[in-house]
Amino acid sequence: MMDDLCIQRSFRAIAEMECEQLFSRALGRSSYNSITSASSDEELLDGAGVIMDFHSTEDDNLLDGDASPGSNYTMSNGGGGGGACSSTHLLDLLEEPIPGVGTYDDFHTIDWVREKCKDRERHRKINSKKKESAWEFTKSLYDAWSGWLVVTLTGLASGALAGGIDIAADWMTDLKEGICLSALWFNHEQCCWGSNETTFAQRDDCPQWKSWAELILGQAEGPGSYIMNYFMFTFWALSFAFLAVALVKVFAPYACGSGIPEIKTILSGFIIRGYLGKWTLMIKTITLVLAVSSGLSLGKEGPLVHVACCCGNIFSYLFPKYSKNEAKKREVLSAASAAGVSVAFGAPIGGVLFSLEEVSYYFPLKTLWRSFFAALVAAFVLRSINPFGNSRLVLFYVEYHTPWYLFELFPFILLGVFGGLWGAFFIRTNIAWCRRRKSTRFGQLNHTYV
Numbered sequence: 001m002m003d004d005l006c007i008q009r010s011f012r013a014i015a016e017m018e019c020e021q022l023f024s025r026a027l028g029r030s031s032y033n034s035i036t037s038a039s040s041d042e043e044l045l046d047g048a049g050v051i052m053d054f055h056s057t058e059d060d061n062l063l064d065g066d067a068s069p070g071s072n073y074t075m076s077n078g079g080g081g082g083g084a085c086s087s088t089h090l091l092d093l094l095e096e097p098i099p100g101v102g103t104y105d106d107f108h109t110i111d112w113v114r115e116k117c118k119d120r121e122r123h124r125k126i127n128s129k130k131k132e133s134a135w136e137f138t139k140s141l142y143d144a145w146s147g148w149l150v151v152t153l154t155g156l157a158s159g160a161l162a163g164g165i166d167i168a169a170d171w172m173t174d175l176k177e178g179i180c181l182s183a184l185w186f187n188h189e190q191c192c193w194g195s196n197e198t199t200f201a202q203r204d205d206c207p208q209w210k211s212w213a214e215l216i217l218g219q220a221e222g223p224g225s226y227i228m229n230y231f232m233f234t235f236w237a238l239s240f241a242f243l244a245v246a247l248v249k250v251f252a253p254y255a256c257g258s259g260i261p262e263i264k265t266i267l268s269g270f271i272i273r274g275y276l277g278k279w280t281l282m283i284k285t286i287t288l289v290l291a292v293s294s295g296l297s298l299g300k301e302g303p304l305v306h307v308a309c310c311c312g313n314i315f316s317y318l319f320p321k322y323s324k325n326e327a328k329k330r331e332v333l334s335a336a337s338a339a340g341v342s343v344a345f346g347a348p349i350g351g352v353l354f355s356l357e358e359v360s361y362y363f364p365l366k367t368l369w370r371s372f373f374a375a376l377v378a379a380f381v382l383r384s385i386n387p388f389g390n391s392r393l394v395l396f397y398v399e400y401h402t403p404w405y406l407f408e409l410f411p412f413i414l415l416g417v418f419g420g421l422w423g424a425f426f427i428r429t430n431i432a433w434c435r436r437r438k439s440t441r442f443g444q445l446n447h448t449y450v
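Per the working numbering, the sequence shown starts with residue 1, numbered consecutively.
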């Protein structure tokens, strides 16, 4: 009985909350403020100019039967005009967002339960209408395939951007040493591909490639040429680094760093506006090339995950299924992170494992297959671009001219056995030490322990 009364009060509270929203829209902000500041029911009705009548369809049976979530209420204007609104299901409250409920500001956390309910209600409506006409059936097919389409676009964009970054970084790295006169867009290796020399030293000294000392001083040897080449190398390196810092600081501060910690935070349900936007994607791509070309001690593997997630976030806005649901959008971001690792290391399966084990908070089974598909598409596009000229996905690839023999596998088996035994010994020793430390006086002296 007490549970039924609590349910009745809960549904009346929901109806009151929705009516307050109707008041604020129909009567204006001034009338709404007078309603909320009223100290009595008479002042409430005078300020609103309306008459409300709440009546639950199950008032007579709440104490004798099962509670029903249905509740009806009417609202009429005191001047004669009237209107009526009804709610027959709790999920109908999700159709129109209530200000402050289900809308997220910057640096807030999403409501996973509400977002999941919104998606189920949307899916229920689409299935209920798909038999009405051919257009509704086409819309249901489009909604079902939109997930695969968005991860396909994400994989294509991630592979294309990764290939462009690799090509541009190689060219700008060699630009610090010289330039190819026959084709300015060739790096040192591509410029000397046509050389017939057999040794590496002779091949690098091909006539098509000119160092900065040869272009400026007209000589390739001597102290003056060494100083000029050193000066131009330092000049280009500092210029690339300064330009990368300036672009990030002025145009896109969110483009700094690798981006993986922030991606993990976003996938856990946190809102960071602009971190995965178009402007961040553009500045991140340009400055990544500049930073790698400058010779700084950093790589492009982590930032490629950020770039891929930016692509996934941008393409998700093309599909209402993902643009209007933050929880569904994070499924696309999980697949995008797998595509980023795939193009960074040339390992599609490794990208899926990285997304599953490291960054994702919500990872259903369908996201696993879509992540694998996005990683495959990204790797295929990168290999088609062939940025390194060796038909490989990575720069340093080890080629085996002879297959492995069976006896050669035994050292690796022993290595795995000893690694497992040592890991078990370390874990047990660490647990025993922690227990011992807590029970002694030495463990209570935190500063001394540190």
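Even glycine gets a Cβ: it sits at the ideal position worked out from N, Cα and C.
Residue i, enclosing alpha helix (DSSP H) - first and last residue
| i | result |
| --- | --- |
| cysteine 310 | 301-316 |
| cysteine 180 | No alpha helix (DSSP H) holds cysteine 180; the beta strand (DSSP E) holding it covers 178-180. |
| serine 485 | Here the chain covers residues 1 to 450 and nothing more, so residue 485 does not appear. |
| phenylalanine 354 | 348-354 |
| histidine 401 | Histidine 401 -> no alpha helix (DSSP H), and no H or E assigned at all. |
| lysine 278 | 278-294 |
| proline 508 | For the chain, the structure presents residues 1 to 450; residue 508 sits outside this window and is missing. |
| glutamate 189 | 188-191 |
DSSP state of residue i mapped onto helix, strand, coil
| i | result |
| --- | --- |
| lysine 249 | helix |
| arginine 437 | helix |
| lysine 116 | helix |
| threonine 173 | helix |
| threonine 103 | coil |
| serine 68 | Bear in mind that a pLDDT of 39 at serine 68, under 50, signals an unreliable position, so the number given afterwards is only what the model happens to contain. Of the three classes helix, strand and coil, the one that applies to serine 68 here is coil, per DSSP. |
| asparagine 430 | helix |
| phenylalanine 380 | helix |
| alanine 220 | coil |
| cysteine 85 | The predicted position of cysteine 85 is uncertain, since its pLDDT is 43 and thus under 50; no value can be drawn from it. |
| leucine 91 | At leucine 91 the pLDDT is 48, less than 50, meaning the model places this residue with poor confidence; the figure from the coordinates comes in the next sentence. If DSSP states are grouped into helix, strand and coil, leucine 91 belongs with the helices. |
| tyrosine 142 | helix |
| lysine 129 | helix |
| leucine 27 | Because leucine 27 carries a pLDDT of 45, less than 50, the predicted location of this residue cannot be relied on, and no value is offered for it. |
| leucine 409 | helix |
| serine 371 | helix |
Boundaries (first-last residue) of the beta strand (DSSP E) holding residue i
| i | result |
| --- | --- |
| lysine 210 | 209-211 |
When the options are compared against residue i, the one with the closest alpha-carbon
| i | options | result |
| --- | --- | --- |
| alanine 339 | Val377, Val359 and Phe363 | Val377 |
| tryptophan 369 | Val352, Ala241, Val381 and Phe380 | Val352 |
| serine 258 | Ala424, Gly416 and Cys310 | Cys310 |
| alanine 237 | Ala327, Leu421, Ser294 and Phe363 | Ser294 |
| isoleucine 266 | Tyr362, Gly218, Val245 and Gly299 | Tyr362 |
| glycine 164 | Leu382, Val151, Thr402 and Ser323 | Leu382 |
| phenylalanine 107 | Phe270, Ser355 and Lys438 | Phe270 |
| leucine 181 | Val305, Gly155 and Trp212 | Trp212 |
| valine 157 | Ala220, Ala291, Leu175 and Ile314 | The question names valine, yet the displayed sequence has alanine at residue 157. The shortest Cα separation from alanine 157 among Ala220, Ala291, Leu175 and Ile314 belongs to Ile314. |
| lysine 118 | Pro348, Leu421, Val417 and Ala327 | Ala327 |
| leucine 247 | Pro411, Phe425, Leu288 and Thr429 | Leu288 |
| threonine 285 | Leu141, Pro303 and Lys264 | Pro303 |
| glutamate 189 | Phe388, Trp422, Arg435 and Ala424 | Phe388 |
| leucine 333 | Ile260, Leu415, Tyr405 and Met282 | Ile260 |
| alanine 375 | Lys324, His401, Leu421 and Gly312 | Gly312 |
| alanine 379 | Lys125, Ala244, His306 and Ile349 | Ile349 |
| glutamate 262 | Ala134, Val307 and Trp145 | Val307 |
| threonine 152 | Gly420, Ser439, Ala432 and Phe373 | Phe373 |
| proline 364 | Val343, Lys329, Gly346 and Ser384 | Lys329 |
| serine 316 | Lys131, Asp143 and Asp105 | Asp143 |
Supposed close pair residue i, residue j - CB separation, criterion 8 Å
| i | j | result |
| --- | --- | --- |
| alanine 183 | cysteine 191 | 7 Å |
| glutamate 177 | phenylalanine 233 | 7 Å |
| valine 292 | glycine 159 | That belief does not hold up - the Cβ atoms of valine 292 and glycine 159 are roughly 18 Å apart, past 8 Å. |
| asparagine 187 | aspartate 166 | Not really, about 11 Å apart at Cβ, beyond 8 Å. |
| phenylalanine 251 | isoleucine 216 | Their Cβ separation, rounded to whole angstroms, is 33 Å, which puts phenylalanine 251 and isoleucine 216 out of contact at 8 Å. |
Which residues DSSP lists as bridging residue i, in chain order
| i | result |
| --- | --- |
| phenylalanine 270 | Thr109 |
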